[in-house]
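As you go down the protein sequences, you meet chains A and B in turn.
Be aware that the first sequence starts at 1, since it is given in the numbering used here, and climbs by one per residue.
Be aware that the second sequence starts at 210, since it is given in the numbering used here, and climbs by one per residue.
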Amino acid sequence: MTEAIQPMSARRMAWLLGGATALAALITLGAVLPAEFNRDPLGIGKATGIAALWAPDEVRIDPAAGQQPAASAQGGPIRTLEIAIPLGPGGDPAGKDQLEYKVRLPRGGAMLYSWQAEGAKVADDFYAEFHGHTLAEHGKMTVAEYRKVSETANSGALTAPFAGIHGWYFLNTSERPVTVHLKVTGFFDPVAPGAPGNEAGLTARVGSF
Amino acid sequence: MIRHPHLRLGALLLTACLLTSAAPLAAHAVGGSDAAFVAATRGPAPGPFLYLGAKHMVTGLDHLLFLLGVIFFLWRARDILIYVTLFSLGHSLTLLLGVGLGIGLNSWLVDAAIGLSVVYKAFDNLSGFPALGLPRPDPKLAVLGFGLVHGAGLATRIIDLGLNPDGMIANLLAFNVGVELGQATALALVLGPLLLWRRHPSFLRFAGAANFAMMTAGFVLIGQNLAGYWLTTGAG
């Protein structure tokens with residue numbers, strides 16, 4: 001036989017039903033939507049940091065695949081960009097020893113770059129990942145790794161395999177503060193402070209020919 | 210009699226766990242490398258499919274919550290056996306028929322319906338029908354019916370994974386047996402603490418709270434899967 005709770009009044013039961021629904025709605029809208037679906041109707045996801053749990057599915061592509069032509073047409077002005085990025089000593093608990101900085105390129109867009117980590121003395125003092133990705137759309141983003149280096153300086157060229165933001169993750173692994181001097185030229189657009197690719201809110205010196 | 214403050218704390222913790230654990234668990238798919246395995250498998254592979262079925266059941270909060278709701282007020286072993294058998298009968302039927310006939314439903318919507326089954330059972334445990342002056346549907350029929358819904362969920366998962374026709378029957382049966390084994394394991398794990406808790410007076414005091422928590426968790430499962438249905442393109 002089945003035992004159960006003594007029936008309560010209809011009024012109390014209605015309150016219980018309403019309460020459970022309201023609580024569930026709060027959890028769903030406040031926590032599940034920000035963490036699982038990148039929506040934050042109540043702003044709770046951002047306020048509590050739960051929204052940071054959401055990440056788009058990454059679709060990795062091999063940048064070496066697909067031959068780029070030796071000569072290509074490019075659009076827009078030739079830009080120049082210079083920026084000094086200060087980084088704290090390696091292992092900083094607040095994460096001031098690392099930073100991402102990217103620029104926007106159309107598909108096939110070309111750029112030349114050079115950076116130097118001032119204050120880093122040996123190759124082991126500094127690490128950089130040159131990579132690009134599309135902006136997250138429909139929960140997916142395309143990612144390509146171009147180069148990972150443990151060097152105090154590096155330079156190179158890129159023809160973007162897809163439209164998106166392309167740039168560097170810099171990590172200071174030395175015990176001293178380091179300043180990265182980055183120079184870029186080509187058919188790119190700088191990313192506004194705070195936008196994806198420039199979350200640190202840096203302002204670069206940008207010019208054009 | 211000795212008072213057990215820890216038990217009361219335990220009951221509150223259980224309630225809190227029920228509430229919070231429902232949220233982060235996404236519509237739980239057979240995911241990652243398991244999915245790759247299923248898609249790549251041709252021919253019978255009873256061992257892995259047995260394991261996958263058991264794993265799906267043991268790690269599936271929605272199935273576990275419903276089972277907990279079903280046995281919450283069952284005091285006799287015979288009743289537990291009858292109800293659990295009815296549940297197994299229901300979900301085996303739709304699992305085998307669904308995959309056999311290739312009837313796949315939208316996994317978000319099926320999972321939302323499974324969330325509804327959790328709400329229903331908690332509401333029933335709270336004596337919600339007599340409280341609202343409604344006739345109580347036969348609980349055995351309800352368990353059988355919701356068993357069909359849970360089985361449709363299982364079938365939809367397997368179909369979404371693209372089970373290869375080669376060796377399908379053997380693999381499907383192995384998966385089904387695994388589901389029952391996983392369910393028995395889960396029951397064994399849940400039943401022990403439940404039996405202990407029942408012998409303590411705090412059980413009756415917190416039975417209402419526990420079922421309220423379960424009802425809330427069920428509503429969260431519904432909300433989460435409806436959100437998935439409306440906000441994403443692919444199947445979950």
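Backbone N, C-alpha and C define an ideal beta-carbon position, used for all residues, glycine too.
Since we're looking at a predicted model, the values are computed, not measured.
Chain-order list of residues whose beta-carbon lies under 6 Å from that of residue i (same chain, five-residue window excluded)
i       : result
T365(B) : G313, L314, S316 and V319
F296(B) : V352 and G356
F281(B) : N334
A244(B) : L370
A383(B) : P255, F258 and L259
G201(A) : P193 and G194
D97(A)  : L87, G88, G90 and N172
E129(A) : K148 and Y169
G197(A) : K102, I165 and V191
A117(A) : F126, T152, V178 and V180
L273(B) : A395
L277(B) : V399
P34(A)  : D40, G45, I50 and A51
W154(B) : Outside the shown range of chain B, which is 210 to 445, sits residue 154(B), and nothing can be said about it.
L343(B) : none
L218(B) : Bear in mind that a pLDDT of 42 at L218(B), under 50, signals an unreliable position, so the model cannot answer this.
Proximal residues of chain B, C-beta to C-beta of residue i below 7 Å
i       : result
P7(A)   : S336, P339 and A340
A24(A)  : T425, F428, V429 and G432
F170(A) : None at all; the shortest Cβ gap to chain B is about 31 Å.
Within chain A, the residues that residue i reaches when beta carbons sit closer than 8 Å
i       : result
F421(B) : L16, G19 and A20
C-beta neighbour in chain D for residue i, strict 9 Å
i      : result
T28(A) : The question asks about chain D, but that chain is absent: this structure's protein chains are A and B.
First through last residue of the beta strand (DSSP E) which encompasses residue i
i       : result
T142(A) : K140 to V149
P86(A)  : R79 to L87
R60(A)  : D57 to R60
H131(A) : F126 to H133
Q433(B) : No beta strand (DSSP E) holds Q433(B); the alpha helix (DSSP H) holding it covers S411 to L440.
Q116(A) : A110 to E118
Boundaries of the alpha helix (DSSP H) in which residue i is found, first to last residue
i       : result
K102(A) : Here K102(A) belongs to no alpha helix (DSSP H); instead the beta strand (DSSP E) covers Q98 to L105.
R407(B) : M377 to R407
A70(A)  : No alpha helix (DSSP H) contains A70(A), which DSSP labels as neither H nor E.
P41(A)  : Note, P41(A): premise wrong, no alpha helix (DSSP H); not H, not E.
L12(A)  : Here residue 12(A) is Arg; the residue named in the question, Leu, does not match the sequence. Run containing R12(A): A10 to I27, per the alpha helix (DSSP H) assignment.
R251(B) : Counting along the chain, R251(B) falls outside any alpha helix (DSSP H), and DSSP gives it neither H nor E.
P34(A)  : L33 to F37
F275(B) : L270 to I280
P348(B) : P348 to L370
Chain A residues whose Cβ lies nearer than 7 Å to that of residue i
i       : result
L417(B) : Residue 417(B) is actually Gly in this sequence, not Leu. Near G417(B) (Cβ distances below 7 Å), the residues of chain A are I5.
A436(B) : T28, V32, L33 and F37
L440(B) : F37 and R39
Spatial neighbours of residue i in its chain, beta-carbon cut-off 8 Å, leaving aside the 5 residues before and after
i       : result
A144(A) : R60, I61, D62, P63, H131, G132, H133, P161 and F162
Y438(B) : N315, W317, L318 and A321
T159(A) : Q68, S72, G108, G109 and A110
S208(A) : P77, I78, R79 and T80
V293(B) : L276, V279, I280, Q392 and L396
Under 9 Å by beta carbon: chain B residues contacting residue i
i       : result
M141(A) : Those do not exist, as M141(A) stays about 15 Å from chain B at its closest Cβ, beyond 9 Å.
M111(A) : Near M111(A) there are no residues of chain B at all, since even the closest Cβ is about 33 Å away, more than 9 Å.
Where residue i meets chain B, residues with beta-carbon distance less than 8 Å
i      : result
A10(A) : A340, L341 and G342
Chain-order list of residues whose beta-carbon lies under 7 Å from that of residue i (same chain, five-residue window excluded)
i       : result
T303(B) : L357, G360, A361 and A364
G387(B) : F258, L259, Y260, L261, G262 and A263
L305(B) : L381 and N385
Q74(A)  : G109, A110 and F187
T203(A) : P193
M210(B) : The predicted model places M210(B) with a pLDDT of 29, which falls under 50 and marks its position as unreliable; any figure quoted below should be read in that light. None.
P268(A) : Here chain A comprises residues numbered 1 to 209, so residue 268(A) is not present and cannot be evaluated.
Enumerated in chain order, which unbroken segments of the beta strand (DSSP E) with a length of 3 residues or greater are wholly contained in the region 149-206 of chain A?
Segments of the beta strand (DSSP E) lying fully in the region 149-206 of chain A: 153-159, 164-172 and 178-186.
So, does the region 25-36 of chain A touch the region 109-117 of chain A, judging by three or more C-beta pairs under 8 Å?
In short, these stretches do not touch, since the Cβ pair count stays below three.
Which ranges would you report for the alpha helix (DSSP H) in the region 291-344 of chain B if only whole runs of at least 4 residues count?
Here the runs fully enclosed are 316-334 and 337-340.
Give a yes or no on contact between the region 424-431 of chain B and the region 9-24 of chain A, applying the rule of three or more CB pairs nearer than 8 Å.
Below 8 Å, enough C-beta pairs join the region 424-431 of chain B and the region 9-24 of chain A to call them touching: three or more.
So, do the region 86-103 of chain A and the region 149-157 of chain A have three or more beta carbon pairs nearer to each other than 8 Å?
Contact annotation: the region 86-103 of chain A does not touch the region 149-157 of chain A, with fewer than three C-beta pairs closer than 8 Å.
Contact between the region 173-187 of chain A and the region 37-54 of chain A (3+ Cβ pairs under 8 Å)
Between the region 173-187 of chain A and the region 37-54 of chain A there are fewer than three C-beta pairs closer than 8 Å, too few to call the two in contact.
Decide if the region 321-335 of chain B is in contact with the region 411-421 of chain B; the criterion is three or more beta carbon pairs, one per stretch, under 8 Å apart.
These segments touch.
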